[in-house]
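Take a look at the structure below.
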Amino acid sequence: MSTKTIPTSDAAAGDAPAKVIPWVLGPSLVVILGVALFSILLPKQAESVFNAIQSGIIGGLGWYYVLLVAAFVIVAIVFAVSKFGDIKLGKDDDEPEFSLLSWFSMLFAAGMGIGLVFYGVGEPLTHFLEPRPGVTGSEQSLAQQAMSQTYLHWGLHAWSIYAVVGVALAYAVHRKGRPMSIRWAIEPLLGKRVQGGWGNAIDTIAVIGTVFGVATSLGLGVLQISAGLGYTGIAEPNILTQVILILVITGVTIFSLVSGVHKGMKWLSNTNLILAGLLLFFVLFAGPTLFLLREWVQSMGAYLQNVVGLTFNVSAYQGAAGEAWQSSWTTFYWGWWMSWAPFVGVFIARISKGRTVRQFVLGVLLVPTLVTFLWFAVLGGTAIMQSLEGRDFSGADGPVDLNTALFNMLAGLPGGSIATVGALLLILLFFVTSADSGSLVMGMLTTGGTEPRNRVRIAWALVTSLLAISLLIAGGLASMQTAAIITALPFSVVIILMCVSSFKAFGIEVRREQRAKRRLFAAELTESVSADVSEQLSDQVSEQVTEHFGTMTAQLDLRQLASPDAPGTSAPSPDPQQQDPKQRRSKD
Numbered sequence: 021m022s023t024k025t026i027p028t029s030d031a032a033a034g035d036a037p038a039k040v041i042p043w044v045l046g047p048s049l050v051v052i053l054g055v056a057l058f059s060i061l062l063p064k065q066a067e068s069v070f071n072a073i074q075s076g077i078i079g080g081l082g083w084y085y086v087l088l089v090a091a092f093v094i095v096a097i098v099f100a101v102s103k104f105g106d107i108k109l110g111k112d113d114d115e116p117e118f119s120l121l122s123w124f125s126m127l128f129a130a131g132m133g134i135g136l137v138f139y140g141v142g143e144p145l146t147h148f149l150e151p152r153p154g155v156t157g158s159e160q161s162l163a164q165q166a167m168s169q170t171y172l173h174w175g176l177h178a179w180s181i182y183a184v185v186g187v188a189l190a191y192a193v194h195r196k197g198r199p200m201s202i203r204w205a206i207e208p209l210l211g212k213r214v215q216g217g218w219g220n221a222i223d224t225i226a227v228i229g230t231v232f233g234v235a236t237s238l239g240l241g242v243l244q245i246s247a248g249l250g251y252t253g254i255a256e257p258n259i260l261t262q263v264i265l266i267l268v269i270t271g272v273t274i275f276s277l278v279s280g281v282h283k284g285m286k287w288l289s290n291t292n293l294i295l296a297g298l299l300l301f302f303v304l305f306a307g308p309t310l311f312l313l314r315e316w317v318q319s320m321g322a323y324l325q326n327v328v329g330l331t332f333n334v335s336a337y338q339g340a341a342g343e344a345w346q347s348s349w350t351t352f353y354w355g356w357w358m359s360w361a362p363f364v365g366v367f368i369a370r371i372s373k374g375r376t377v378r379q380f381v382l383g384v385l386l387v388p389t390l391v392t393f394l395w396f397a398v399l400g401g402t403a404i405m406q407s408l409e410g411r412d413f414s415g416a417d418g419p420v421d422l423n424t425a426l427f428n429m430l431a432g433l434p435g436g437s438i439a440t441v442g443a444l445l446l447i448l449l450f451f452v453t454s455a456d457s458g459s460l461v462m463g464m465l466t467t468g469g470t471e472p473r474n475r476v477r478i479a480w481a482l483v484t485s486l487l488a489i490s491l492l493i494a495g496g497l498a499s500m501q502t503a504a505i506i507t508a509l510p511f512s513v514v515i516i517l518m519c520v521s522s523f524k525a526f527g528i529e530v531r532r533e534q535r536a537k538r539r540l541f542a543a544e545l546t547e548s549v550s551a552d553v554s555e556q557l558s559d560q561v562s563e564q565v566t567e568h569f570g571t572m573t574a575q576l577d578l579r580q581l582a583s584p585d586a587p588g589t590s591a592p593s594p595d596p597q598q599q600d601p602k603q604r605r606s607k608d
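For the sequence shown, the working numbering assigns the number 21 to the initial residue and increments by one for each residue that follows.
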């Protein structure tokens, strides 16, 4: 182990395709394919097993998820406001690769996804029509509570998870020059052990969590696309339609990778943002505009007022109903965000070279959160207003059909049929870009490089699609929620290690910086003192010489200096006119 050379980021090596790490890829595939095959071949048994595991985790560890995510929020804030915030995620002379506006736009893109489109209408509406157990009140108070609960699930808490993972990765990659892999974010804590079995285990856990997180998103997208096709009368929303959709979109993703068209994925991503923005502004201005803007502001205030209580709520006094609600919402979200953390963390780490820790954390926490709040306020607020006016959003399983809620809300607006087509296109594009970027991140995690080979990405696209199909067969949304909760449990330990490792690395960095500043200050002080002393000594010597010279000359008799007999003085030649006449005659 001690003879191994610590690898560096392949960005410095020309971004050559990196080789697969067998002890990460192999175990990851065994677990993922095992779950997928079990779910496809024995769907009923798989559903029962998933439910049993979920009940065990929620019943025994639901409090752990809630407490842990609260801790991540605190850790992220500490990173931002402490001396750690001055640490640069890069070399000392590195400048940010992207302008502030471009960086904010990409952070916003990281926050946009299938989940926001799927839950944008359905979640606030569900919390309003079917509140959390123990919550009662007037329609107005229930509507306010619904928005606050939604903000909890999609706001600072979710992005705090991404922030602590992303900042640890960014520090390892940009500051220390390590490969883009989760294990290297824990190097300050584990040392050279990250190059062996410990590192392989960490990356394997990260890969499994990421695959399940991406598969959950793809499954949600397929559920909503098929529901939209059924709502518009284009196709029947059944499991066959959903499987065909997954296969077709996966085929498009693979074609883009093989043909090299995947460079156009950047264009598709930008198109996603434009379509999402158009949908947002359409609903804002076609709906009750003034009410939605007022509701956005008021809901943020209510969220900030109640965020502590909401953060630590585990429905402890609501019994089985409280546990069921917690499982379907808060615990599911915390698990989903933790399983998504490597995916989002890698992305935001890659685009943040040259930023400081403070800029990184504040940007990641605030920018996507504010945009997300606006999204839910507009889409969810419009649906709540429509519900108050008598619109029916119910489905077979309850007062709100999550799959069709978006299309139902759009149908209640002028021009809603056109917006429905745009929403379907938006979800479809999100599906394609999620599959493409998901295969990229999973390829990076299994190779440690920033440019995994196409065959590695294709393999991960196929595996993720197979897993999404298996989860749909084994129970649909409930199975996907269970998978996210289960896979998040081991990765939560990895995130804890990343936080501890970051504290250690940042502490060393700050102390090193303080020592360097003290040495620089001491050197400058020494130079300044030396210059002052030299100047003072020079002045004193000059004064003493002048004073001594003045004293010596003052002791001399100036009349002696003027006398002919004075030592060292020559007698003046006599004036011929004044000589004695006898002397003049003798000369003559």
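Glycine is no exception: its CB is placed at the ideal position from the N, C-alpha and C atoms.
Each of Leu445, Leu540, Thr224, Phe128 was checked against the Cα of Gly248, and the nearest Cα belongs to Leu445. Gly418 is bridged by DSSP to Gly415. Thr236 sits in a helix when the DSSP states are folded into three classes. DSSP places Lys212 within a helical segment (H, G or I) once states are collapsed to three. For the pair of segments examined, the stretch 248-257 was found to touch the stretch 433-450: the number of CB pairs separated by less than 8 Å reaches three.
If the five residues before and after Ile41 are omitted, its C-beta is found closer than 8 Å to the C-beta atoms of Asn220, Asp223, Thr466, Thr467, Gly468, all from its own chain and listed in chain order. Its chain contains no residue whose beta carbon lies nearer than 6 Å to that of Gln65 once the 5 sequence neighbours on both sides are disregarded. Judged by beta-carbon spacing, Ile266 lies within the 7 Å limit of Ser485, meaning their Cβ atoms are closer than that value.
Around Gly527, the same chain offers no residue with a beta carbon nearer than 6 Å, after the five sequence neighbours per side are excluded. The residues Leu517, Val520, Ser521, Lys524, in chain order, have a CB closer than 7 Å to that of Leu209 in the same chain once the five nearest residues on each side in sequence are set aside.
Here Val377 is buried, its C-beta having at least 16 other C-beta atoms within 10 Å. The stretch 140-148 makes no contact with the stretch 112-124, as fewer than three CB pairs between them are under 8 Å. For Lys108, the secondary structure class from DSSP, reduced to helix, strand or coil, is strand.
By DSSP's assignment, Thr376 forms a beta bridge with Lys108.
For Ala100, the uninterrupted alpha helix (DSSP H) run begins and ends at 63-101, by DSSP. Between Leu277 and Arg477, the gap from beta carbon to beta carbon is short of 7 Å. When the five nearest sequence neighbours on each side are left out, the beta carbons in the same chain lying within less than 7 Å of the beta carbon of Trp179 are those of Val384, Leu385, Pro388, Thr389, in order along the chain. Per DSSP, reduced to three states, the secondary structure at Gly307 is coil, with no helix or strand assignment. In the three-state reduction of the DSSP assignment, Phe332 falls in the coil class. Ranked by Cα distance from Ile505, the options Pro116, Glu117, Ile228, Ala130 are led by Ile228.
In this structure, the beta-carbon distance from His177 to Val98 does not fall below 7 Å. Excluding five sequence positions before and after Lys196, the CB atoms of its chain that fall closer than 8 Å to its own CB belong to Trp204, Glu207, given in chain order.
Restricted to the stretch 417-463, the alpha helix (DSSP H) segments that are unbroken, complete and at least 4 residues in length are 425-431, listed in chain order. For Gln164, same chain residues with a beta-carbon under 8 Å away, outside a window of 5 residues either side, are Gln318, Ser319, Ala322 in chain order.
The straight-line gap separating the alpha-carbon atoms of Leu293 and Ala129 is approximately 7 Å. Where Phe118 is concerned, there is no enclosing alpha helix (DSSP H), because DSSP gives it neither an H nor an E.
At a Cβ-Cβ threshold of 7 Å, Thr470 and Met126 do not count as neighbours. Taking a C-beta distance under 7 Å as the contact criterion, Val364 and Tyr182 qualify as a contact pair.
Taking a contact to require three or more Cβ pairs closer than 8 Å, the stretch 407-416 and the stretch 327-345 do not qualify as touching. When DSSP states are grouped into helix, strand and coil, Val40 belongs to the coil group. Below 8 Å, too few C-beta pairs join the stretch 343-354 and the stretch 99-118 to call them touching: fewer than three.
Under the three-state reduction of DSSP output, Tyr337 falls in the coil class, being neither helix nor strand.
Under the Cβ criterion (8 Å, minimum of three pairs), the stretch 68-76 does not count as touching the stretch 155-174. Asp456 sits buried, since 16 or more C-beta atoms from the chains shown fall within 10 Å of its C-beta. Straight across, the Cα-Cα distance linking Gly79 with Leu87 is about 14 Å.
Within the same chain, Cβ atoms closer than 8 Å to the Cβ of Lys103 are found at Val530, the five residues on either side in sequence being excluded.
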